[in-house]
Each structure stands twice: as structure tokens, then as C-alpha cells.
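Visitor:
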């Protein structure tokens, strides 16, 4: 059996998995011993209260195996497939490249700017000296303009596409699974 429950916990209780599990079991009216797995679905901080509280939605797995946190995408081998040029390694270019691979095509990704680490140095230099590197700055380089913006905080609406798939892709490639449920994933 799977049950979703909403909890309001102190930051201390929310950071303690056993305390969270106990609170969830009580809320769901399920014996603690029957809980075989627990997953956070959503977590946010309500700082309007004094002291602040953590609002959470958790999924309890009772006497059954917990499912995967995210669905992994299997990519076909495209080494010798038809090549398609993708211009720009921003979010659109990166995800277009992944879509092409899923369709069995080999993307050739072109980017005029540097990688994120080089861009950080170029942007720090811009801030310090005022001199713009025309090839590597806020707009050009790996990750695109979004790499240095807070736009990611406002992309949870379902009308903007399959955000869950995008976040799962990030997790599959090394991002923390916390981005799947934190309200403001910074």
C-alpha cells in the first residue's frame, strides 16, 4: 500500500529521517513497522512563522518495495548514426541533443563560449574590470544565459512542459535528487 501524507515539522524533526518517518506513520495511522520505505515528494520552508517550520509531503511505502526515485532514460548508441548540428549549449541545445539521441541521431553540439568553469572566471573578470569577453560571458557558453540566473526557481508550472522529465534528466546525470522535491532548489 502507498500513502501520501502532509506534515508540518520543525527544521530539526524534518532533518531527522526517523522523526519524519514517525510523524508520517502517526499522520497516516500506519504502524511504524509496516513502513518499508519513505520518499519526500515536496518540501518547503514556511519562514513566516516564528520559529520557521518545514512543510513536507511524503510518500509511505507500506509492506511493499519502494519504486525508483526517478525514471532513467536509456540512450541508444549513436556513434555511427546520421549527424545533426545543434548550435548552442544552453538548456534548449542540451535538451535538443538528448532528444536527438533518443531518436537515434548523433548530435554535434557547437558552442562559441567556454565551459561553466571558464565562464565563472570570465564573469568575475567582467565584474572586477568591466571588460567583456565577447566569446564567454553571461550570454555565451555552456549552460547558456540560464546558467547564471534564478529562472530555475520559476519553472515548476506544468504548462511549461514536462518539468519532471527535465529534473529527472538532471538527476540521471549527477544532480542531487533534492531538486525533485525542494520548493526552491538552491
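In the working numbering, the protein residues as written are 3 to 188. We put the beta carbon where it would ideally sit given N, CA and C, even for glycine.
Taking Cβ to Cβ, would you say residue 82 is nearer than 8 Å to residue 10?
Guide: Cβ atoms of residue 82 and residue 10: not closer than 8 Å.
Visitor: Is it buried or exposed, residue 144, if we count other Cβ atoms within 10 angstroms and call 16 or more buried?
Guide: Per the 10 Å Cβ criterion, buried.
Visitor: Distance check for residue 5 and residue 37, CA to CA, integer angstroms please.
Guide: Going from the Cα of residue 37 to the Cα of residue 5 covers about 10 Å.
Visitor: Using the Cα positions of residue 126 and residue 52, report the straight-line distance between them to the nearest angstrom.
Guide: Computed Cα separation, rounded: 38 Å.
Visitor: Let me make sure I understand the geometry here. Which of 137, 16, 140 and 63 has the alpha-carbon closest to that of residue 33?
Guide: Nearest option by C-alpha distance: 63.
Visitor: In angstroms with no decimal places, state the Cα-to-Cα distance between residue 138 and residue 93.
Guide: Whole-angstrom Cα-Cα distance: 16 Å.
Visitor: Comparing alpha-carbon positions, which option in 30, 13 and 18 lies nearest residue 47?
Guide: Of 30, 13 and 18, the residue nearest in Cα terms is 13.
Visitor: Taking 8 Å as the threshold (C-beta atoms), are residue 103 and residue 78 in contact?
Guide: Yes, Cβ-Cβ distance for residue 78 and residue 103 is below 8 Å.
Visitor: Going by other Cβ atoms of all chains shown within 10 Å of its Cβ, with 16 needed for buried, is residue 130 buried or exposed?
Guide: So residue 130 counts as exposed.
Visitor: Taking residue 80 and residue 106 to be in contact with their CB atoms under 8 Å, please state how far apart those CB atoms are, rounded to whole angstroms.
Guide: That pair is a contact at about 6 Å.
Visitor: Determine whether the beta carbon atoms of residue 60 and residue 41 lie at a separation below 8 Å.
Guide: In this structure, residue 41 lies closer than 8 Å to residue 60 by Cβ.
Visitor: Smallest Cα separation from residue 3: which of 21, 19, 17 and 27?
Guide: Among 21, 19, 17 and 27, the Cα nearest to that of residue 3 belongs to 27.
Visitor: Check this for me: beta carbons of residue 30 and residue 21, under 8 Å apart or not?
Guide: Contact flag unset, no.
Visitor: With residue 170 and residue 73 assumed to form a contact (beta carbons below 8 Å), what rounded beta-carbon distance in angstroms separates them?
Guide: Going by Cβ atoms, the distance from residue 170 to residue 73 rounds to 6 Å, so yes, they are a contact pair.
Visitor: Could you check the C-alpha separation between residue 188 and residue 140 for me, to the nearest Å?
Guide: With a pLDDT of only 46 at residue 188, under the threshold of 50, the placement of this residue in the model should not be trusted; the figure read from the coordinates follows. Roughly 19 Å between the two C-alpha positions.
Visitor: Considering only their Cβ atoms, is the gap separating residue 86 from residue 108 smaller than 8 Å?
Guide: Taking 8 Å as the Cβ cut-off, residue 108 and residue 86 qualify as a contacting pair.
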